[in-house]
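Note sheet for the following structure.
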Amino acid sequence: MSLRIENLYASLIETQKEDEETRLSQLQTDLDATSTASTNLSRIRINEIVESSVPKKKGRLVGLGRRARSVPPSAPQTYVDPEVLDQLKDKDDCIAALEQKMADQEAGWEATRRQNEQMMEMMRRMYPNEQFP
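Taking the working numbering as reference, the numbering of the sequence shown is continuous, increasing by one, and the terminal residue is 139.
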């Protein structure tokens, strides 16, 4: 592919990025005139712009190297309800408390077992002729 076509793609992508940043900036200004929030595009949005601008040949983007596998091409951001997150945290806390309670019980049972063994040993010494279970 010629350098001129690559430059054309790069220019087109830059223009679309600037348009998107301007649109986001205007949107942010409309929402909150005093906000100083950054208008930088996310990596996912930049990938979407590139994929929509660059032609494909045999399912591949023409003139570009491999796309990063860690960033899906157009994966929507998943929304998780904060109430669900709170419920999951509560369940995790409950599970941790139950696990601690179970560990404490097992430690208590181990102490009781050791005490029973000591008592049996003492009874065997005190009554050597007796049979104990």
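Ideal placement from N, C-alpha and C gives every residue a C-beta, glycine not left out.
Does the segment 91 to 98 come close enough to the segment 48 to 68 to have 3 or more Cβ pairs within less than 8 Å? At 8 Å Cβ cutoff, the stretches do not touch.
I need the DSSP call for LYS95, collapsed to helix, strand or coil. In the structure shown, LYS95 adopts helical secondary structure according to DSSP, grouped into three states.
Spatial neighbours of SER59 in its chain, beta-carbon cut-off 8 Å, leaving aside the 5 residues before and after: So the list reads TYR15, LEU18, ILE19, GLN22, once near-sequence residues are dropped.
Using CA coordinates, which residue listed in LEU67, PRO61, GLU26 is at the minimum distance from ARG49? With distances taken between CA atoms, ARG49 lies nearest to GLU26 out of LEU67, PRO61, GLU26.
Exposure of THR40, with buried meaning 16 or more beta-carbon neighbours within 10 Å: The predicted position of THR40 is uncertain, since its pLDDT is 39 and thus under 50; a value taken from the coordinates is nonetheless stated next. Exposed, since its Cβ has fewer than 16 Cβ neighbours within 10 Å.
Can you give me the C-alpha to C-alpha distance between MET126 and GLN106, rounded to a whole angstrom? In a straight line, the C-alpha of MET126 is about 30 Å away from that of GLN106.
Find the nearest neighbour of ILE11 within the set ASP87, PRO61, ARG29, ARG66, judged by alpha-carbon distance. Between ILE11 and the set ASP87, PRO61, ARG29, ARG66, the nearest pair of CA atoms involves PRO61.
How is ILE50 classed by DSSP in three states: helix, strand or coil? ILE50: helix per DSSP, three-state reduction.
Which residues DSSP lists as bridging LEU67, in chain order: LYS62, per the DSSP bridge assignment.
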